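Structure first, commentary second.
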Amino acid sequence: MKTSRRQFLKISGGVVSASMLPFLKSVPAHAAGDDVLVAVTGQTINSLDLHRTGTNRASYQVAINCYDRLVSFGTKDAAGGGLAYDYSIIEPELAESWTVSDDGLTLTFKLKPAAKFWDGAKVTAADVKWSFDRAVSVGGFPTVQMKAGGLLRPDQFEAVDDETFVIKLDKPSKLTIPDLAVPVPFVINSKVAIENATDDDPWAMEYLHKTPAGSGAYKVAKWASGEQIVYERNDDWVGGPLPAYKRVVLREVPSPSTRRALIERGDVQLSFNIPNKDAAELASKVDVFSTPIDNCMHCLCPNTNFEPFQDADVRKALAYAIPYEAIFKTAAYGQGAPLWGGESEINDIAWPRKSPYYTDMDKAREHMAKSKFADGFEVPLSISLGLASWMEPTALLIQESLSQIGIKTEIEKIPGANWRTAVLVEKRLPLHLENFGGWLNTPDYYFFWAYQHGHLFNSSNYMNQEIEDLVNATLHMPVEDPEYAPKIKRMFEIAFEDLPRIPLWQPSLNVAANGSTDYEFWFHRQLDARPLKPV
Amino acid sequence: MKKTTTPNRVRAVTGRIAQTIPVLFGVVVISFLLTRALPGDPAAYFAGAAASEESIQQIRVALGLDKSLPQQFLIYLQDLFQGDLGQSISTGQPVATDLANRLPASLELTLSALLISCGIAIPLGVLAATRPGSAVDHICRVLVTAGVSLPTFFTGILLIYIFYYLLGVAPSPLGRLDFIYIEPDHVTGFYLVDAAIAGDWETWVAALKQLVLPSITLALFTLAPIARMTRAAMLSALSSDYIRTARASGLSDKKILYTHAFRNALLPIVTTLGMVFSFTLGANVLVEKVFAWPGIGSYAVEALVVSDYAAVQGFVLAMAVLFVILNLVIDLMYTAIDPRIGFDSQ
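In order, the protein sequence lines correspond to chains A and B.
Whatever position you read off the first sequence (first residue = 1), add 61 for our numbering.
Whatever position you read off the second sequence (first residue = 1), add 26 for our numbering.
Take a look at the structure:
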């Protein structure tokens, strides 16, 4: 019988000691077998410090696996199998308990007395303050994300004693506590960081870039950018239940075909963020978790700077002409959730939701005939080369369909590095595909970024005074407020009437597992190694 | 007849190196200007998903992109003279470190591919030339056409599918070493050499196993030019006057073939090898992607996609230096193969 490596590792993990292993320089046997998770991903981790300038999305997982926040979200069963975070439940991580003052302006956190950093030092409120000060001071993405929760300045944070940490807000907001559970406000061992800070680098950006100093569930045993990261469990972790895997090896394999061969053969136990096509085809062979991404949708955006799209009938003609079903099958391989053909009456505040539009070429032609552009027009349809896997098939299908109602499109492919500037900063693309996903899972947060005038993801240059007022009113309002739901419903009505963004479908994050279970989906779309278990 | 004396050669080599300085300076200027001419704003890209105009500006200042182009160039030159190639934003490492890690990976792959490729292509070309129109000649032609017409990523995936997925004889295509091994101490960066220096033969075998499929993939692609050039050069050598003279003098076939024909045919082969080597080093991006090989090709492409200026400039400079060295080595080989060629005559 031929022993596969997995079997071999299982055997050696149980019985054979390190000295008996045939590999002179291989990992010790205790780290083999069921104790070790080998996962693959196509993304590169370029820093171990989320706060650093230029840290990419894939690196956020280090903040999750190696650092703790004050609080975390709960867990629930996910729609596409496996688990998912639960936005409605806030759970303790470093904080043991917390209270909110009656006016909602003062949040007081009690830290877990047993919480320790990897070097054995106690986690104190001073560490929390230093870390929060850093997040609001370094600029760039961390500072923007902190701002979303009303956390703007170091003077809002106070370490009352070793175990008491206080946040003072300028105005009460329902987004503050959830914003403490996103990857950004992680707690750093400030003594270690300050020792390694310099006058030019008061926040120890250079040091923490390569050497994390946290209290999280995993330590970084090894990191080679472009190759792999190896996590090793912190057995003293108090932030949650001790993870099942002692060691997690995450290898970077750029080619999706190679990743697929590896997971099918069972040489790796988890393949993170697999293409929709593989998710559809692998489902019969290995465990596939395909979770629709919360508060995220792929849409077609007509830019109101472009004259024909100022005409409401043209925008409605677009919405009726899109071949939704074909796009969902071809570009998404049926993964995710459809966002068309919904009821015209809005009865709840779920978002993203199905728009009342569906494919009906006759209605599309009617709207075109009613508009000032009955003879049709020409417009470029822009897509990003970096997101070509879903944008290209989608654009081709839309192009074909729009040609039937007299709108002639030419597909313009924009390189990944220019895309952001063109679509979000300059907002100059007349017709384009876009996908924004909000980390904080409330509709007002989505509308804040994507529908309010001048905001980054409002790539359609949409401006509607009622939407402005509704978003400003609801953004910090508690969801339980009786005024909240009616206002949100009104926002949905306007959004579907004005159509600055035409929803196509809600994308999914796909993960394949072969020998590993309890995968948990997170809004940040990175691998959380902590809940994973061997089968 | 040995004309070139050793001091002479040293002087010639130094002269050649001195000649490359303006070339390298030109490369520095052009790579600097070209990267700046790339469309796209790295500050906006690296500011991340939810960045505001203000945070993009902060990043622009942090990256030094708010300064004028001549200022940026002077700063770059200053750093360069101190051996500092800058910091890659996409990998978060100094460019020099990245290159030191990745160049050996690419070189190890390319060199072993060329070794395989030469081992097959040169004998095949010689055989085909000595028996034109025979079965060997046809086999050579088919192999060469197939090798060059199959794109490397396709051959790579096909080999993985057959030898790893179906047969299970190849190791997991997980880069230079399977995850259960720890890489040998860094001496040269070539795992085979470093493992041998450390005397760690288990790792040596493991590294070799990882190398087999990707280097065969690349070798298949490089077979064509080498085999065709060998065949053509041998054919022209075999039909030349000096071979006729040699035959008339009654020399043995073996002596004619190897001493006279092959040696003369080597010049164009070495020239081709130099060319093949340089384009393979840059062009093995696809093989690197398929086999998760942490090489320099995929590094450069990733850097280009995100307008990572320092990384692209570092890559171009490293390649330029490499080509200068390569050309020098090839010129030296010319003089070794054919003593009539001296540096002075060039």
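By construction, the Cβ of each residue, glycine as well, lies at the ideal position given by its N, Cα and C atoms.
Everything numeric in this text was worked out from a predicted model, so none of it was measured.
Less than 8 angstroms between the C-beta atoms of residue i and residue j, yes or no?
i        : j        : result
Tyr523/A : Pro561/A : yes
Leu244/B : Thr156/B : no
Leu135/B : Asn310/B : yes
Pro215/A : Ser198/A : yes
Ile528/A : Leu379/A : no
Phe349/B : Ala326/B : no
Phe102/A : Asp110/A : With the sequence shown as reference, residue 102/A is identified as Thr, and Phe is not the correct amino acid for it. Their beta carbons are not under 8 angstroms apart, which means Thr102/A does not touch Asp110/A by this criterion.
Ile238/A : Val309/A : no
Ser81/B  : Val253/A : no
Ser443/A : Ile410/A : no
Leu261/B : Pro158/B : yes
Ile555/A : Ser462/A : no
Ala318/B : Pro199/B : yes
Gly70/B  : Leu89/B  : Per the sequence presented here, residue 70/B reads as Ala, with Gly not at that position. No, these two residues do not count as a Cβ contact at 8 angstroms.
Leu311/A : Gln289/A : yes
His29/A  : Trp500/A : Residue numbering for chain A in the displayed model covers 62 to 596; residue 29/A lies beyond these limits and cannot be assessed.
Val248/A : Val189/A : yes
Leu593/A : Ala196/A : no
Ala340/A : Tyr394/A : yes
Using a Cβ cut-off of 8 angstroms, pull out every chain A residue sitting near residue i, in sequence order please.
i        : result
Ser333/B : Ala478
Ser132/B : Result: empty, since nearest Cβ-Cβ is about 12 angstroms, beyond 8 angstroms.
Pro65/B  : Pro476, Ala478, Asn479
Tyr325/B : Gly287
Ile242/B : Those do not exist, as Ile242/B stays about 16 angstroms from chain A at its closest Cβ, beyond 8 angstroms.
May I ask which residues mark the beginning and end of the alpha helix (DSSP H) holding residue i?
i        : result
Ile363/B : 335-363
Phe508/A : 504-511
Asp339/A : 337-343
Tyr71/B  : 68-72
Thr391/A : 385-391
Tyr381/A : 373-382
The beta strand (DSSP E) spanning residue i covers which residue range?
i        : result
Val281/A : 279-285
Met358/A : 357-363
Pro564/A : 563-567
Gly498/A : 492-498
Val331/B : Val331/B -> not in any beta strand (DSSP E); alpha helix (DSSP H) instead, spanning 322-331.
Gln622/A : What is shown of chain A runs 62 to 596, which leaves residue 622/A out entirely.
Val227/A : 225-229
Just checking: is the beta-carbon of residue i within a distance shorter than 8 angstroms of some beta-carbon in chain B?
i        : result
Ala322/A : yes
Gly75/A  : Reliability of the predicted coordinates at Gly75/A is poor, the pLDDT of 37 falling under 50, and the value obtained from them is presented with this limitation in mind. Taking Cβ atoms only, chain B never reaches closer than 8 angstroms to Gly75/A, which makes this a no.
Pro315/A : yes
Leu593/A : no
Thr365/A : no
Asn519/A : no
Glu288/A : yes
Arg312/A : yes
Thr259/A : no
Val205/A : yes
Ser237/A : A quick correction: the sequence has Thr, not Ser, at residue 237/A. It does not; no Cβ of chain B falls within 8 angstroms.
Using a Cβ-Cβ distance under 8 angstroms, would residue i count as near chain A?
i        : result
Thr117/B : yes
Lys315/B : yes
Ile85/B  : yes
Ala318/B : yes
Phe205/B : yes
Pro251/B : no
Gly52/B  : no
Ala88/B  : yes
Ile183/B : yes
Using a C-beta to C-beta distance shorter than 7 angstroms, which residues of chain A count as neighbours of residue i?
i        : result
Ser198/B : Leu323, Asp328
Phe24/B  : Past the edges of chain B, shown from 27 to 372, lies residue 24/B, and the structure says nothing about it.
Which residues in chain B sit within 8 angstroms of residue i, going by Cβ to Cβ distance?
i        : result
Pro270/A : As written in the sequence, residue 270/A is His, which differs from the Pro given in the question. Those are Gly118, listed as they occur along chain B.
Residues of chain B with CB closer than 7 angstroms to the CB of residue i, please, in chain order.
i        : result
Gly481/A : Inspection of the sequence shows that residue 481/A is occupied by Arg rather than by Gly. The answer, in chain order, is Ala70, Tyr71.
Gly200/A : Ser81, Gln84
Can you name the residues of chain A whose CB is closer than 9 angstroms to the CB of residue i?
i       : result
Asp92/B : Simply none; closest approach about 14 angstroms.
Inset, instruction - Scan the region 128-161 of chain B and note each continuous beta strand (DSSP E) run of 3 residues or more that stays entirely inside, going in chain order. - result: Counting only unbroken stretches of 3 or more residues, no beta strand (DSSP E) element lies wholly within the region 128-161 of chain B.
Inset, instruction - At 4 residues or longer, and completely inside the region 167-239 of chain B: list those alpha helix (DSSP H) runs for me, N to C. - result: Every alpha helix (DSSP H) stretch that sits fully inside the region 167-239 of chain B and reaches 4 residues is listed by chain position as 178-185, 217-224.
Legend entry - Complete beta strand (DSSP E) runs within the region 417-481 of chain A (minimum length 3 residues, chain order): Runs of the beta strand (DSSP E) lying entirely within the region 417-481 of chain A and spanning at least 3 residues, in chain order: 438-445, 468-475.
Legend entry - Whole runs of the beta strand (DSSP E) within the region 166-215 of chain A, excluding any shorter than 3 residues: Listed in chain order, the complete beta strand (DSSP E) runs (minimum 3 residues) inside the region 166-215 of chain A are 167-172.
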